[in-house]
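Participant:
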Amino acid sequence: MSTAEHDMVTAPAFPMERTCPFAPPAEYRRMRAEGPLVRAALPNGAPVWAVTRHAEARQILSDPRISSNTGRPERPRGPDDDRPDEGFFIDLDPPEHSRYRRLLISELGARPVAAMRPRIQRIVDTAIDTMLETGSPADLVESFARPVAARVVCELLGVPDGDREFFESRLRMLTVMSLDTRAPQGSRELRGHLRDLIRRAEREPCDGVIGRLAARHLPTGELTADALINMGFLLLLAGYESPANMISLGVVTLLEHPAQLAALRADPGLLPGAADELLRFHSVQDWVSFDRAAADDLDIGGVRVRAGDRLTVLAASANRDERAFENPDEFDIRRSAHHHLAFGHGVHQCIGHNLARAELEIAYGTLLTRIPTLRLAAGLDTLPFAYDAGLFGLHALPLTW
Numbered sequence: 001m002s003t004a005e006h007d008m009v010t011a012p013a014f015p016m017e018r019t020c021p022f023a024p025p026a027e028y029r030r031m032r033a034e035g036p037l038v039r040a041a042l043p044n045g046a047p048v049w050a051v052t053r054h055a056e057a058r059q060i061l062s063d064p065r066i067s068s069n070t071g072r073p074e075r076p077r078g079p080d081d082d083r084p085d086e087g088f089f090i091d092l093d094p095p096e097h098s099r100y101r102r103l104l105i106s107e108l109g110a111r112p113v114a115a116m117r118p119r120i121q122r123i124v125d126t127a128i129d130t131m132l133e134t135g136s137p138a139d140l141v142e143s144f145a146r147p148v149a150a151r152v153v154c155e156l157l158g159v160p161d162g163d164r165e166f167f168e169s170r171l172r173m174l175t176v177m178s179l180d181t182r183a184p185q186g187s188r189e190l191r192g193h194l195r196d197l198i199r200r201a202e203r204e205p206c207d208g209v210i211g212r213l214a215a216r217h218l219p220t221g222e223l224t225a226d227a228l229i230n231m232g233f234l235l236l237l238a239g240y241e242s243p244a245n246m247i248s249l250g251v252v253t254l255l256e257h258p259a260q261l262a263a264l265r266a267d268p269g270l271l272p273g274a275a276d277e278l279l280r281f282h283s284v285q286d287w288v289s290f291d292r293a294a295a296d297d298l299d300i301g302g303v304r305v306r307a308g309d310r311l312t313v314l315a316a317s318a319n320r321d322e323r324a325f326e327n328p329d330e331f332d333i334r335r336s337a338h339h340h341l342a343f344g345h346g347v348h349q350c351i352g353h354n355l356a357r358a359e360l361e362i363a364y365g366t367l368l369t370r371i372p373t374l375r376l377a378a379g380l381d382t383l384p385f386a387y388d389a390g391l392f393g394l395h396a397l398p399l400t401w
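Residue 60 in the UniProt record's numbering sits at position 60 of the sequence shown, with consecutive numbering throughout.
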């Protein structure tokens, strides 16, 4: 057996499961101590460089010699692989990626998200009203986190009120945690409804991202309907499961850290920092979301990476890197955690990060203010955490008050 073959036999293999709700996979600590780039194996056995440390992760995520167009043969992009490629820009590199991203920046920058905050507040308040009317106990995942996330992304896209229940039901079919066999059906039906939104926008002015992009860019040929459908579909996927998971994980984390919770209630000005610390602490999007390939030979962290080599950034490891964060395994809402990699970094940084932060701040702050006696209705060790899922979260969170 050659040295390279021996290395792959002994290499850690993905997926590596979490075993604690407040920690990444235990193997990450050993890998991070071993080096900034460690040989590992993808689920199909293919070799990959696992990027374990914060500085090297930032370098890889911003280096133009590193490509996002990996093909991902072991992980199909979605349940309907025959869809057109146009507009599916997360798998593209500049300048193609930049063209699509530029069209969305004006919709998801700090100013438009600030203008959207009152609408997010109404969505959150309505969900809490329903929880209170139904009464204690309640499952926060089903009664609050998922409905809020679905309604916020529908509000962003301009989905009419009468269609939002349909969109939410189909988004549930597509969650990474659900492994729902109806995912292909949900994908097709969502795309069909997005096409209907575009047709409506072509007939009359429509509010929302879909309507505005259709009005501005379809007549000029800068976008096609297929491209806009893919862009909308990406926003739906990114804007639903991750925020929903972070809402539930954030609440259980705060309830299990009462001193931090008390400080947050005493000073709502800590909310932005608390949201960033929760994003760092949990890093729900990990190796699956940061898959890359080297387009050229380059040296990273003292390791020679060859053109064509696969790399995956372990965001959950980088966000616990002792070199970047003091006492990284401690949850501290006063920490300056804004440089975390939960949203990635560089030109592929999550374009919806402003919206996600606003949504989490409003959800946490309003829930904890309006239901001050909120507490777990089951022991932490009995909660159904999705330890084995590609996107970390909770299947259910029973609460009482």
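For glycine and all other residues, C-beta sits at the position ideal for the given N, C-alpha and C.
1) With the cut-off set at 8 angstroms, would you say A50 and A13 are in Cβ contact?
2) For the beta strand (DSSP E) holding V313, just list the boundary residues, first then last.
3) Would DSSP call R320 helix, strand or coil?
4) How about P137 and L399: are their beta carbons less than 8 angstroms apart?
5) May I have a chain-ordered list of the beta strand (DSSP E) segments no shorter than 3 residues that lie completely inside the stretch 22-69?
6) Quick check on the DSSP output: the alpha helix (DSSP H) that includes R280 runs from which residue to which?
7) Please report the residue range of the alpha helix (DSSP H) in which V124 lies.
8) Please report the Cβ distance between N341 and N319, rounded to the nearest whole angstrom; I am assuming they are in contact, meaning their Cβ atoms lie under 8 angstroms.
9) Apply the 10 Å Cβ neighbour rule to E277 and answer buried if 16 or more other Cβ atoms are within range, or exposed otherwise.
10) Just how far apart, CA to CA, sit S95 and D329?
11) Between which two residues does the beta strand (DSSP E) containing L223 stretch?
12) Need the endpoints of the alpha helix (DSSP H) that P258 sits in, please.
13) Measuring only the C-alpha atoms, how far is E133 from S143?
14) Which word fits E17, buried or exposed, when buried means at least 16 other C-beta atoms lie within 10 angstroms of its C-beta?
15) Counting pairs of beta carbons, one from the stretch 212-222 and one from the stretch 322-339, are three or more of them closer than 8 angstroms?
16) Could you check whether L255 and L264 sit closer than 8 angstroms to each other, using their CB atoms as the reference points?
17) Applying the 10 Å Cβ sphere with the 16-neighbour rule, what's the burial state of L380?
18) To the nearest angstrom, how far is the alpha carbon of A315 from that of D85?
19) So for L174, helix, strand or coil by DSSP?
20) With burial defined as no fewer than 16 other Cβ atoms inside 10 Å of the residue's Cβ, what is the status of A363: buried or exposed?
21) For the beta strand (DSSP E) holding D299, just list the boundary residues, first then last.
22) Would you call the stretch 179-193 and the stretch 277-292 touching, i.e. three or more CB-CB distances under 8 angstroms?
23) Taking Cβ to Cβ, would you say I351 is nearer than 8 angstroms to I60?
24) Count the other C-beta atoms from every protein chain shown that fall within 10 angstroms of the C-beta of P205, then say buried if there are 16 or more, exposed otherwise.
25) So, L311 versus A294, is the Cβ gap smaller than 8 angstroms?
26) Would the beta-carbon of A150 fall within 8 angstroms of that of Y240?
27) Quick one: grab the DSSP three-state call for P398.
28) Evaluate P147 with the Cβ neighbour count: other Cβ atoms within 10 Å of its Cβ, from every protein chain shown; 16 or more gives buried, anything less gives exposed.
29) Figure out for me which residue from E107, G87, L108 and G109 has the closest Cα to the Cα of Y100.
30) Look up F385 in the DSSP assignment and say whether it is helix, strand or coil.
31) Count the other C-beta atoms from every protein chain shown that fall within 10 angstroms of the C-beta of P43, then say buried if there are 16 or more, exposed otherwise.
32) Measure the beta-carbon distance from V124 to T373 and round it to whole angstroms, keeping in mind my assumption that it falls under 8 angstroms.
33) Just mark S248 as buried or exposed, buried being the case when its beta carbon has 16 or more other beta carbons within 10 Å.
34) By the three-class DSSP mapping on this structure, what secondary structure does R292 have?
35) Among the residues of its own chain, which have a CB less than 8 angstroms from the CB of P384, if the five just before and after it don't count?
36) Span of the alpha helix (DSSP H) holding V159?
Facilitator: Taking the geometry as given:
1) no
2) R310 to V313
3) coil
4) yes
5) 37-41 and 47-51
6) L271 to H282
7) A110 to T134
8) Looking at the sequence provided, one finds Leu at residue 341 rather than Asn. L341 to N319, Cβ: 6 angstroms. Contact.
9) buried
10) Before going on, a small fix: residue 95 reads as Pro here, not Ser. Roughly 38 angstroms separates the two Cα atoms.
11) Here L223 belongs to no beta strand (DSSP E), and DSSP marks it neither H nor E.
12) P258 to A266
13) 11 angstroms
14) exposed
15) no
16) no
17) exposed
18) 27 angstroms
19) coil
20) buried
21) L298 to I300
22) no
23) no
24) exposed
25) yes
26) yes
27) strand
28) buried
29) G87
30) strand
31) exposed
32) Going by Cβ atoms, the distance from V124 to T373 rounds to 18 angstroms, so no, they are not a contact pair.
33) buried
34) strand
35) L394, H395 and A396
36) It is not in any alpha helix (DSSP H) - V159 carries neither H nor E in the DSSP assignment.
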